[in-house]
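Asks:
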Amino acid sequence: MPEILSKRTSLPVHTAEDGMSVEPDNVYLIPRKMNMKIFHSKLHLTQKGISKFLNLPIDIFFQSLAEDFEDKGIAVVLSGTGSDGSRGIREIKEKGGIVIVHDPEHSKFDGMPRSAISTGTVDYILRPQDMPAKIIGYVEHPYIQKKDRNSNQSMVPEDYLSKIILIVKESNGLDFTYYKDTTISRRIERRLSINQIENLKDYLEYLRSSKKEQTTLYNELLIGVTKFFRDPEAFELIESDIIPKVFKNKKAEDEIRIWISACSTGEEAYSIAILFYEYMQENDLHNDIKIFVTDVDKNAIEFASAGIYNSSVIADLTSERLSKFFIPQNDGYRIVDKIREMIVFASHNIIKDPPFNKIDFLTCRNLLIYFQAPLQQKVLSAFNFALNKNAYLFLGSSETIGEMEAYFEVVSHKWKVFKSVRSARLEGNTISRFPGGIVKNVPVKKPIYTLKNSTIDLVNIFTEKILMDNSPITVVVNESYEIVNSYGELNTFLILPNINKIADGFEFNLSKMVPQNLKLTFSIAINKAIKSQEDVIHHNVKYQRTEDTYILVDLRFSPLKRPDLNQKFVVVYFIKKEKSKVIPQEIQSYEKVDQLVLQRIADLENELKHNKENLQASIEELETTNEELQSTNEEMISANEELQSTNEELQSVNEELYTVNTEFQIKNSDLLEMNNDMDNLLANSEVRMIFLDIDLKIRKFTENITDIFNLKKNDHGRPILDITHHLKELNPYQEIQPVLSNHETVEQIVKVKIHGIE
Numbered sequence: 001m002p003e004i005l006s007k008r009t010s011l012p013v014h015t016a017e018d019g020m021s022v023e024p025d026n027v028y029l030i031p032r033k034m035n036m037k038i039f040h041s042k043l044h045l046t047q048k049g050i051s052k053f054l055n056l057p058i059d060i061f062f063q064s065l066a067e068d069f070e071d072k073g074i075a076v077v078l079s080g081t082g083s084d085g086s087r088g089i090r091e092i093k094e095k096g097g098i099v100i101v102h103d104p105e106h107s108k109f110d111g112m113p114r115s116a117i118s119t120g121t122v123d124y125i126l127r128p129q130d131m132p133a134k135i136i137g138y139v140e141h142p143y144i145q146k147k148d149r150n151s152n153q154s155m156v157p158e159d160y161l162s163k164i165i166l167i168v169k170e171s172n173g174l175d176f177t178y179y180k181d182t183t184i185s186r187r188i189e190r191r192l193s194i195n196q197i198e199n200l201k202d203y204l205e206y207l208r209s210s211k212k213e214q215t216t217l218y219n220e221l222l223i224g225v226t227k228f229f230r231d232p233e234a235f236e237l238i239e240s241d242i243i244p245k246v247f248k249n250k251k252a253e254d255e256i257r258i259w260i261s262a263c264s265t266g267e268e269a270y271s272i273a274i275l276f277y278e279y280m281q282e283n284d285l286h287n288d289i290k291i292f293v294t295d296v297d298k299n300a301i302e303f304a305s306a307g308i309y310n311s312s313v314i315a316d317l318t319s320e321r322l323s324k325f326f327i328p329q330n331d332g333y334r335i336v337d338k339i340r341e342m343i344v345f346a347s348h349n350i351i352k353d354p355p356f357n358k359i360d361f362l363t364c365r366n367l368l369i370y371f372q373a374p375l376q377q378k379v380l381s382a383f384n385f386a387l388n389k390n391a392y393l394f395l396g397s398s399e400t401i402g403e404m405e406a407y408f409e410v411v412s413h414k415w416k417v418f419k420s421v422r423s424a425r426l427e428g429n430t431i432s433r434f435p436g437g438i439v440k441n442v443p444v445k446k447p448i449y450t451l452k453n454s455t456i457d458l459v460n461i462f463t464e465k466i467l468m469d470n471s472p473i474t475v476v477v478n479e480s481y482e483i484v485n486s487y488g489e490l491n492t493f494l495i496l497p498n499i500n501k502i503a504d505g506f507e508f509n510l511s512k513m514v515p516q517n518l519k520l521t522f523s524i525a526i527n528k529a530i531k532s533q534e535d536v537i538h539h540n541v542k543y544q545r546t547e548d549t550y551i552l553v554d555l556r557f558s559p560l561k562r563p564d565l566n567q568k569f570v571v572v573y574f575i576k577k578e579k580s581k582v583i584p585q586e587i588q589s590y591e592k593v594d595q596l597v598l599q600r601i602a603d604l605e606n607e608l609k610h611n612k613e614n615l616q617a618s619i620e621e622l623e624t625t626n627e628e629l630q631s632t633n634e635e636m637i638s639a640n641e642e643l644q645s646t647n648e649e650l651q652s653v654n655e656e657l658y659t660v661n662t663e664f665q666i667k668n669s670d671l672l673e674m675n676n677d678m679d680n681l682l683a684n685s686e687v688r689m690i691f692l693d694i695d696l697k698i699r700k701f702t703e704n705i706t707d708i709f710n711l712k713k714n715d716h717g718r719p720i721l722d723i724t725h726h727l728k729e730l731n732p733y734q735e736i737q738p739v740l741s742n743h744e745t746v747e748q749i750v751k752v753k754i755h756g757i758e
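Going left to right, the sequence shown walks through residues 1 to 758 as the UniProt record's numbering numbers them.
(1) Mapping DSSP to helix, strand and coil, what is residue 228?
(2) Using 8 Å as the Cβ pair cut-off and three pairs as the minimum, do the stretch 155-163 and the stretch 99-107 touch?
(3) Using DSSP's beta-bridge definition, name the partner residues of residue 102.
(4) Report the residue from 95, 128, 90 and 105 whose alpha carbon sits nearest the alpha carbon of residue 116.
(5) Could you give the uninterrupted runs of the beta strand (DSSP E) lying entirely in the stretch 331-416, keeping only those of 3 residues or more?
(6) Could you give the residue range of the beta strand (DSSP E) that holds residue 773?
(7) Inspect the beta-carbon positions of residue 356 and residue 259 and report whether they are closer than 8 Å.
(8) Are residue 558 and residue 573 closer than 8 Å when you measure CB to CB?
(9) In three-state DSSP terms, what is residue 262?
(10) If you draw a straight line from the C-alpha of residue 243 to the C-alpha of residue 10, how long is it?
(11) Can you tell me the Cα-Cα spacing of residue 95 and residue 187, whole angstroms?
(12) By Cβ distance below 8 Å, which residues in the same chain neighbour residue 275 in space, the five residues on each side in sequence not counted?
(13) For the candidate residues 241, 111 and 296, whose alpha-carbon lies nearest to that of residue 173?
(14) Verify whether the separation of the beta carbon atoms of residue 291 and residue 359 is less than 8 Å.
(15) Measure the C-alpha to C-alpha separation of residue 540 and residue 521 and round it to an integer number of angstroms.
(16) Within the stretch 8-37, note down every full beta strand (DSSP E) run reaching 3 residues or more, in order along the chain.
(17) Which residues mark the beginning and the end of the alpha helix (DSSP H) in which residue 68 is found?
(18) Is it true that the stretch 395-411 meets the stretch 361-375, where meeting means three or more beta-carbon pairs spaced less than 8 Å apart?
(19) Could you pull out every residue in the same chain whose Cβ sits closer than 8 Å to the Cβ of residue 109, ignoring the five residues on either side in sequence?
(20) Indicate the three-state DSSP secondary structure (helix, strand or coil) for residue 745 in the structure shown.
(21) Could you give the residue range of the beta strand (DSSP E) that holds residue 47?
(22) Determine the direct distance from the alpha carbon of residue 575 to that of residue 555, and round the result to whole angstroms.
(23) Are the beta-carbon atoms belonging to residue 61 and residue 93 less than 8 Å from one another?
(24) Please state whether DSSP places residue 706 in a helix, a strand or coil.
(25) Name, in chain order, the residues that DSSP records as bridge partners for residue 329.
(26) Go ahead and pull the three-state DSSP assignment for residue 255.
(27) How far does the alpha helix (DSSP H) with residue 287 in it extend, from its first residue to its last?
(28) With a threshold of 6 Å on Cβ separation, who are the neighbours of residue 268 within its own chain once the five nearest residues in sequence on each side are excluded?
(29) Is residue 558 helix, strand or coil when you go by DSSP?
(30) Could you tell me whether the Cβ atoms of residue 698 and residue 716 are closer together than 8 Å?
(31) Residue 361 and residue 391 look like a contact to me (Cβ under 8 Å); what is the Cβ gap, rounded to whole Å?
(32) Are the CB atoms of residue 57 and residue 84 within a distance shorter than 8 Å?
(33) Taking the C-alpha atoms as reference points, what is the distance between residue 379 and residue 178?
(34) Using 10 angstroms around the beta-carbon of residue 119, count the other beta-carbons present and answer buried if the total reaches 16, otherwise exposed.
(35) I believe residue 696 touches residue 689 by the beta-carbon criterion, under 8 Å. Please report the beta-carbon distance rounded to the nearest angstrom.
(36) Between the C-alpha atoms of residue 44 and residue 668, what's the straight-line distance to the nearest angstrom?
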């Protein structure tokens, strides 16, 4: 290869050596059977060892380039088969470098270019001859040339920064105001350099006019870079130490709740799911696991939900996990259903949406580092609220819990694993569901819970409705009877939990918080209000206060009529009767339900329970059959993997053959050129010559030698001894043998008869 490239470029071409310093305007090639990294501008070589992971040398080099040069790294992916380079360019992009890819429409082998493009991290797709100009234009851009800038200081002035953030917010709905200015500035400067725009004023105009650029900048600000089992040592800690502790205090019937926040394209979420699945299989556990996977980027959520990845993932997975948890599909792999079904994907903005609750294990890696300190604390407060006591938080290796140290215990300082030991107050607009103060009187018109929302402010909607109706005690419920907002002194009418029950995950469902004799009344009234979209009113309802006393109340169930809501809500008003007093129990209420009806309801509930048990038994039988089919399918997958591995080897051999063939073609062209030169020389010289091989067969002869030897054009390859001649007093054939034997030159002056003249 060095010889081939040397003929195509004037730059020096070197086969890399360990410790070799990298110099400008030089080409360095990775030696065979070696991996190459760069560190402090020096090349370091290692032998390709035996590993459970596929060896991808270009990925290895790109990853080291990203670490060593950060935002100055430039990755170029040219023609080639396979997917090598696709993982490495993600890290180049994450560090702020640029990625250039050979246009697959103009490449002989489009595997590597197409795989790189599928990552969504490519800046330029060009033909090789167009690449140098782009690279030169990029590195000579004013923002790239500013070497003395302070990396902790924003280079984009505040007025431009705020205008750009506003444009991105209006076009994509996400506010980057509280992201670190330096992070946003670097991304903006990078877009200026890539678009070859000289100043911020021109870029601002370009951004306003280009929807594509708005989307591109938005995607780059999100910095969605991840991979399967990123930081293997950290995942080994999760597998060996954390997951066993999560299950340690759980009963067989307990649910395990996991939250993967800022999931990006889902690789980390599936990695966690695989670890939990493997632990349950190894220990014969059957707990119900719910994994909530969220990200603010809807496109990332859709990608992750599909569970389809390009073939570069095989470098991050052992062959066992690849065959067990992935199915080959087209040019990539799809996650198996048993893992996909463990996960619920949802779009969620951790900055403004309420967190999930009762979480046993939460990961949010490499997001907080991009937030300003106040926003970091707000998000960590939400995470603390979401976690059960003694649950675990897994952050990125460069992240800390800052001022939340009192609420977390460090499990691993190196890999940033923490255990929740205290509950913090939930800050900001993510209002918690029934904080501890609920056991006391709740202040009037203070919301105690809000639903997750996107552009609709549910709190304002509920408040407006309640204030308009001027009711002092009110709750808002959804179709499942869950209380989503409330006002007033609820302990007058509802059975409220104590602090311990709240800590244990009490469910605030209205049907569980009203007296037993009124549960049916509330259920029927709420359903009727939702279906009819009309108010349902019950007058003089007896509310039992003690075993022998009641209080009279009017109940009003009013549907919330808002077409812009994607759920249905009912506002329940509790209206005390004026001048009402506690009255004796013997006063009958129209709400009395016949005991036979209640008994019939109980019988039907028991029958329903029995049918559910039968259904569960049938489901388990089907699951057993499905497991057997999956086992057979996995064997087929394993066989297919072996075939695919063989195919990869054949592709590699084919590329080598292609390279060798190219070299042979070049040499053949050189020989043909030399042969033509020789023919021209012989044809234009007046020297009579015959060229013989070692077997004395004719290889070439000049045309004028035919005056002496009786040669014809088709005599090439004939023995010279078969050819007659016109030489006098000399037998040339006798003179040939000494030349062959002694390798000496023999010269003779001879007579020759040409056209009858001597």
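Ideal Cβ placement from N, Cα and C applies to all residues, glycine included. Predicted, not measured: the structure shown is a model, and the values here were computed from it.
Replies: Straight from the coordinates:
(1) coil
(2) no
(3) 126
(4) 90
(5) 332-335, 343-347, 359-364, 387-395 and 408-412
(6) Outside the displayed span of the chain (1 to 758) sits residue 773, for which this structure offers no information.
(7) yes
(8) yes
(9) coil
(10) 58 Å
(11) 10 Å
(12) 235, 238, 239 and 243
(13) 296
(14) no
(15) 13 Å
(16) 13-15 and 27-29
(17) 57-69
(18) yes
(19) 79, 80, 81 and 655
(20) coil
(21) 42-47
(22) 6 Å
(23) no
(24) helix
(25) 332
(26) strand
(27) Premise fails: residue 287 is in no alpha helix (DSSP H) and is neither H nor E.
(28) 226
(29) strand
(30) yes
(31) 6 Å
(32) yes
(33) 12 Å
(34) buried
(35) With a Cβ gap of about 15 Å, residue 696 and residue 689 do not count as contacting.
(36) 36 Å
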